[in-house]
Amino acid sequence: GVGPKRAAILNKEIDVFNLGDLLRWYPYRYIDRGRIYYIHEIDNSQAYIQVKGKIKSFETLGEGRRRRLVAHFTDGTGFIDLIWFQGIRFIENKYKLNQEYIVFGKPNLFNGKWNIAHPEIDPFTNDSDRPDGLMPMYKTTEKMKNHYLNSKAMHKIIENAFGLITERIPENLSNDVINEAKIISNHDALVNIHFPESTVKLRDAELRLKFEELFYIQLSIVRYSSDRNEKIKGFLFNKVGDNLNKFYERHLPFSLTNAQKKVIKEIRRDTASGKQMNRLLQGDVGSGKTLVAIMCILIALDNGYQACIMAPTEILATQHYETFTNMLSEMEIRVELLTGSTKKKERDVIHEGLKSGDVDILIGTHALIEDVVQFKNLGFVVIDEQHRFGVAQRAKLWKKNNHPPHVLVMTATPIPRTLAMTVYGDLEVSVIDELPPGRKPVQTLHRYDKKRGELYMFVRSQIKLGRQAYIVYPLIEESETLDLKNLEDGFVHMQEAFPEFTVDKMHGRMKPAEKDEVMRRFAKGETQILVSTTVIEVGVNVPNASVMVIESAQRFGLSQLHQLRGRVGRGADQSYCVLLTPYELSSDTRKRIEIMTESNDGFLIAEADLKLRGTGDLEGTQQSGL
508 GVGPKRAAIL
518 NKEIDVFNLG
528 DLLRWYPYRY
538 IDRGRIYYIH
548 EIDNSQAYIQ
558 VKGKIKSFET
568 LGEGRRRRLV
578 AHFTDGTGFI
588 DLIWFQGIRF
598 IENKYKLNQE
608 YIVFGKPNLF
618 NGKWNIAHPE
628 IDPFTNDSDR
638 PDGLMPMYKT
648 TEKMKNHYLN
658 SKAMHKIIEN
668 AFGLITERIP
678 ENLSNDVINE
688 AKIISNHDAL
698 VNIHFPESTV
708 KLRDAELRLK
718 FEELFYIQLS
728 IVRYSSDRNE
738 KIKGFLFNKV
748 GDNLNKFYER
758 HLPFSLTNAQ
768 KKVIKEIRRD
778 TASGKQMNRL
788 LQGDVGSGKT
798 LVAIMCILIA
808 LDNGYQACIM
818 APTEILATQH
828 YETFTNMLSE
838 MEIRVELLTG
848 STKKKERDVI
858 HEGLKSGDVD
868 ILIGTHALIE
878 DVVQFKNLGF
888 VVIDEQHRFG
898 VAQRAKLWKK
908 NNHPPHVLVM
918 TATPIPRTLA
928 MTVYGDLEVS
938 VIDELPPGRK
948 PVQTLHRYDK
958 KRGELYMFVR
968 SQIKLGRQAY
978 IVYPLIEESE
988 TLDLKNLEDG
998 FVHMQEAFPE
1008 FTVDKMHGRM
1018 KPAEKDEVMR
1028 RFAKGETQIL
1038 VSTTVIEVGV
1048 NVPNASVMVI
1058 ESAQRFGLSQ
1068 LHQLRGRVGR
1078 GADQSYCVLL
1088 TPYELSSDTR
1098 KRIEIMTESN
1108 DGFLIAEADL
1118 KLRGTGDLEG
1128 TQQSGL
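Right, dumping it as structure tokens:
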């Protein structure tokens, strides 16, 4: 079933080049085709449904590109519309009125009516036509669908592929490993992942394939990690000197939590061991990671080395710069900021200072990894929000000295401990699991968008108490134009709803200087309400902002909601995060919203997110699905 044209599409779209690749293009879900629903039973809880009934009439609606064919389908308990946007003439000729069909597809609610777009339709004459068992669903791209390579076609091709295999597929794990893990054979796993005879056999197949994948990932991480430990020597930070002692005694903004002390000890031990440190510091939003980074950088300075911090955005880099210069203002330490918008004259001065060793700490964005940036003696690197940087970008920082410097990777996105061992097997993991004293947990509330009046009264009362508010809109690339329109409309709406307050807006399409100016006004309290997309997600720190309203919260993942919530609750006041959604929600989305309202624990949320969404690409250079 695969000729040269189809082969080329499979190569390009899903990296399938041979039989082995094809057998490892696994289904992403299974649907029980044994169940036939009545139309009156349809609600938000079913991702896919199967109904049996008759087409009563066809009608064509819309013009040009919006033209569509609608079939009105009934099983006697209600009606559902079947919709096609392509192949209209073919469909009209293929299906007859008042004949019985089994229809399968994804139900959508539009203008109060259920519909299925581009359904699968099979004739039904007697019970032998009724599908049964578990039907696998395969991910396909738009281009594949346009060439009739949908999930059903992929299943057929894989079925044909198994027909070409005359003997058992060879084993790729040793008998010892298979017996100890109590897993089924490679051959049986591949057969049952595509053609499961029962849910039990499907579970066995999934367990085997998941085990195998993690086994090889961990094997390669262990090998890489032991290679690195043996071959790479690290700079020796064997003393704690004046810089750290002076800072600790005179300039510490608040006493360290036990978790912060523990992490500093771990880093101190690593940097004094003679081996290169590679450590991941996980700490929930507002747990005091930056203070830990400052103190560790001061140890590097005490030992005669320079340090740098790389942040993913100019706003975050500037914020780090302001924090460092404020905290170290009375000490003889030169801190500089280097970003894409640093002027050439300033750049030249910074480059000279780095080479001569006059610049002690450099803070910046991707600009730090440019070849022109040369240090005299870089010994300590901090990478903030690591998931925003690619592997290759991080590796460039390693080469800024003859020896790789010590590396501290910081993230406020808590990663489940089980996953951290796998993804960051080459990093030691430290966790700050305490909030500094005086911080109150953010109260998270769920409200429906039909009840905006009450919400606006609440926001108004908070601002009158002297607080500020964020209103966040989703921004998803596929519909960026539409999303920006929503943000613009929302901005106008907020100006009308709160005429007595100053309202500002911010989104990713603005120039860095414009964004910085908006944030400066907000941080100084000149604006009371900031209407924004998720560009405020990472690291922005405005202690006076105590209210966040997240519009269309159903469109965000759990980790992103948690990150956004972390922008409030940074001062001593009680803070609030309001999740605004329509009333109609799928069961998964409702679960996400419930988890957010019940918990402030980032690790618990990350575990739940992992269960709901899966892991993404664990080992590759692709970013994770977390």
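For the sequence shown, the working numbering gives the first residue as 508, with consecutive numbering after it. For glycine and all other residues, C-beta sits at the position ideal for the given N, C-alpha and C.
- For secondary structure counted as the alpha helix (DSSP H) over 4 or more consecutive residues, the stretch 623 to 662 holds these complete runs in sequence order: 649 to 653.
- Residue pairing from DSSP places His913 in a beta bridge opposite Phe887.
- Counting every other CB atom within 10 Å of its CB across the protein chains shown gives Gly670 a total below 16, marking it as exposed.
- A buried status is given to Asp791, since no fewer than 16 other beta-carbon atoms sit within 10 Å of its beta-carbon.
- Ranking Leu1117, Asp528 and Lys563 by CA distance to the CA of Asp1095 puts Leu1117 first.
- A residue is called buried once 16 or more other Cβ atoms fall within 10 Å of its Cβ, and Gln881, having fewer, is exposed.
- Counting along the chain, Ser1094 sits inside the alpha helix (DSSP H) bounded by residues Ser1094 to Glu1105.
- In the structure shown, Met838 falls within a coil segment according to DSSP collapsed to helix, strand and coil.
- Here the stretch 964 to 977 does not lie against the stretch 1086 to 1101, with fewer than 3 beta-carbon pairs under 8 Å apart.
- Between the alpha carbons of Ile840 and Asp855 lies a distance of about 19 Å.
- About 6 Å separates the beta carbons of Tyr812 and Phe887, which is inside the 8 Å limit, making them a contact pair.
- Inter-segment contact for the stretch 779 to 789 and the stretch 738 to 749 is present: three or more beta-carbon pairs are separated by less than 8 Å.
- In the structure shown, Ile939 adopts extended strand secondary structure according to DSSP, grouped into three states.
- For His1014, the secondary structure class from DSSP, reduced to helix, strand or coil, is coil.
- Comparing alpha-carbon positions, the option among Asn605, Lys652 and Pro614 lying closest to Phe631 turns out to be Asn605.
- Per DSSP, the unbroken beta strand (DSSP E) holding Pro614 starts and ends at Pro614 to Phe617.
- In the three-state scheme derived from DSSP, where H, G and I count as helix and E and B as strand, Arg536 is classed as strand.
- Under the 10 Å beta carbon count, Ala688 is surrounded by fewer than 16 other beta carbons and is classified as exposed.
- One Cα belongs to Gly560, the other to Arg542, and the distance between them is close to 14 Å.
- By the CB criterion at 8 Å, Ile538 and Ile549 fall outside the cutoff.
- Annotation for Ala578: Ile562, Phe565 and Leu589 place their beta carbon closer than 6 Å to its own, counting only its chain and skipping 5 residues before and after.
- A straight-line Cα-Cα distance of about 23 Å links Glu1024 and Ile816.
- For Tyr977 and Phe1005, the gap between their C-alpha atoms comes out near 13 Å.
- Rounded to whole angstroms, the Cβ separation of Pro643 and His701 is 6 Å, and the two are in contact under 8 Å.
- In the DSSP assignment, Lys947 falls outside any beta strand (DSSP E), carrying neither H nor E.
- Under the three-state reduction of DSSP, Arg542 is assigned to coil, being neither helix nor strand.
- Positions of the beta strand (DSSP E) runs, each at least 3 residues long and wholly inside the stretch 793 to 835, are given as 813 to 817 in order along the chain.
- Excluding five sequence positions before and after Asn667, the CB atoms of its chain that fall closer than 7 Å to its own CB belong to Gly508, given in chain order.
- Secondary structure at Ser1039: strand, using DSSP grouped into helix, strand and coil.
- When secondary structure is reduced to three states using DSSP, Ala976 falls in the strand class.
- DSSP, reduced to helix, strand and coil, places Arg786 within a strand of the structure shown.
- In the pairwise beta carbon analysis, the stretch 1007 to 1019 is classified as touching the stretch 1033 to 1041: at least three pairs are separated by under 8 Å.
- The shortest C-alpha to C-alpha distance from Lys947 to any of Pro703, Leu576, Cys1084 and Leu788 is the one to Cys1084.
- Within the same chain, Cβ atoms closer than 6 Å to the Cβ of Glu1058 are found at Tyr980 and Leu1087, the five residues on either side in sequence being excluded.
- Rounded to the nearest whole angstrom, the C-alpha separation of His662 and Ile587 is 27 Å.
- When rounded, the separation of the alpha-carbon atoms in Gln826 and Tyr533 is 45 Å.
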